[in-house]
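J.: Here the protein sequences line up with chains A and B, keeping their order. Count along the first sequence starting at 1, add 76, and that's the number in our numbering. Count along the second sequence starting at 1, add 76, and that's the number in our numbering. C-beta atoms are modelled at their ideal positions from N, C-alpha and C, and glycine is treated no differently. For reference, the structure I am asking about is given below.
There are 2 protein chains.
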Amino acid sequence: MGNSKLYKGSLTTIIMKLLAEHDKMYGYEITQKVKHLTKGELNITEGALYPALHKLEAEGLLDVEVKKVDNRLRKYYKLTESGMKETVNLLTELQQYIQTMQHLVNPKLSLD
Amino acid sequence: MGNSKLYKGSLTTIIMKLLAEHDKMYGYEITQKVKHLTKGELNITEGALYPALHKLEAEGLLDVEVKKVDNRLRKYYKLTESGMKETVNLLTELQQYIQTMQHLVNPKLSLD
DNA sequence: AAATATACATCAATTTCTTATGTATAAAAT
DNA sequence: ATTTTATACATAAGAAATTGATGTATATTT
Numbered sequence: 077m078g079n080s081k082l083y084k085g086s087l088t089t090i091i092m093k094l095l096a097e098h099d100k101m102y103g104y105e106i107t108q109k110v111k112h113l114t115k116g117e118l119n120i121t122e123g124a125l126y127p128a129l130h131k132l133e134a135e136g137l138l139d140v141e142v143k144k145v146d147n148r149l150r151k152y153y154k155l156t157e158s159g160m161k162e163t164v165n166l167l168t169e170l171q172q173y174i175q176t177m178q179h180l181v182n183p184k185l186s187l188d
Numbered sequence: 077m078g079n080s081k082l083y084k085g086s087l088t089t090i091i092m093k094l095l096a097e098h099d100k101m102y103g104y105e106i107t108q109k110v111k112h113l114t115k116g117e118l119n120i121t122e123g124a125l126y127p128a129l130h131k132l133e134a135e136g137l138l139d140v141e142v143k144k145v146d147n148r149l150r151k152y153y154k155l156t157e158s159g160m161k162e163t164v165n166l167l168t169e170l171q172q173y174i175q176t177m178q179h180l181v182n183p184k185l186s187l188d
């Protein structure tokens, strides 16, 4: 994905958040959306994305709906009820992660 | 380490930054420092820490000096020249990561 | 006609981390 | 006096996430 190892572990959070905003998206669309939103900083590879989507579906966090558009196959994913709840958790964890890392990396701004 | 998968990939950054601040530290000291700085949020396990330190040493980013204190062994690690440069890169990458994730997660605050 | 873009997928290998286990000394608690 | 906790290192099997390569197929652009 990114040029930095830090992106390891954040793919699920990214997918879920995009789906929380856009209701339903297909895989390729997600890769393009992320590329544009990050101005090329982050390029999700297919080898990471598709297995991640399949796993989220298997866990019941995503529902899938197959459509044929322009004679090409698309798999539209959307959050389930439980997926919406999990998205809230993931976003909370992201904020917590960022705060913790800021503390560690910028201790001058905290009280230690 | 943390309760969230997001911490995957950040151990090296944490170690290097602590060594940039404290000149020399030993493994156990690092685990305790992180625990205190994060108020228990982040607990680095030995199974993650020691292999990470060995790898950084093998890469020439850390130097090691063994000392016996109170009849117990300690391995003090410190940044090499190249380790200091790499630390700057890692911290830049962390800031970039945080910015990118904020963009993705809080698109309202950005220009898309 | 060839190359690029769209759209899915899988798979071997790599990296990172977890969890368990092991050794050894010192200090604290029962 | 003995057990537990803390200090201090280490490795190793397995899990999980990702990389990078490869494959199929259609549509569009050069």
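(1) Suppose contacts are defined by Cβ-Cβ distances below 7 Å. Is A:L155 in contact with A:L95 by that definition?
(2) If you count every other CB in all the chains shown that lies within 10 Å of the CB of B:V142, and 16 or more means buried, which is it?
(3) Leaving aside the five residues before and after A:L138 along the sequence, list all residues of the same chain whose C-beta is less than 8 Å from its C-beta, in chain order.
(4) Run the CB neighbour count on A:K184, radius 10 Å, all protein chains shown included, and call it buried at 16 or more, exposed below.
(5) Inspect the CB distances between the segment 93-109 of chain A and the segment 93-112 of chain B and report whether three or more fall short of 8 Å.
(6) Assuming B:L166 contacts B:T89 under a Cβ cut-off of 8 Å, what Cβ separation, rounded to an integer in Å, is found between them?
(7) In whole angstroms, give me the CA-to-CA distance for B:K44 and B:Y83.
(8) For B:M101, which of helix, strand or coil comes out of DSSP?
(9) Name the one or two DSSP bridge partners that B:Y152 has.
(10) Could you name the residues of chain A that B:H130 contacts, counting a contact when the two beta carbons are closer than 9 Å?
(11) Can the beta-carbon of A:S80 be found closer than 7 Å to that of B:E169?
(12) So with CB distances below 9 Å, who are the chain A contacts of B:L167?
T.: Taking the geometry as given:
(1) A:L155 places its beta carbon less than 7 Å from that of A:L95.
(2) Its Cβ having fewer than 16 others within 10 Å, B:V142 is exposed.
(3) L95, L129, L132, Y153, K154, L155, T156, G159
(4) exposed
(5) no
(6) 5 Å
(7) Since the displayed chain B opens at 77 and closes at 188, residue 44 of chain B lies outside it and no answer follows.
(8) Reduced to three states, the DSSP call for B:M101 is strand.
(9) B:Y102, B:E141
(10) Residues of chain A passing the Cβ test: none, with the nearest at roughly 17 Å.
(11) yes
(12) V181
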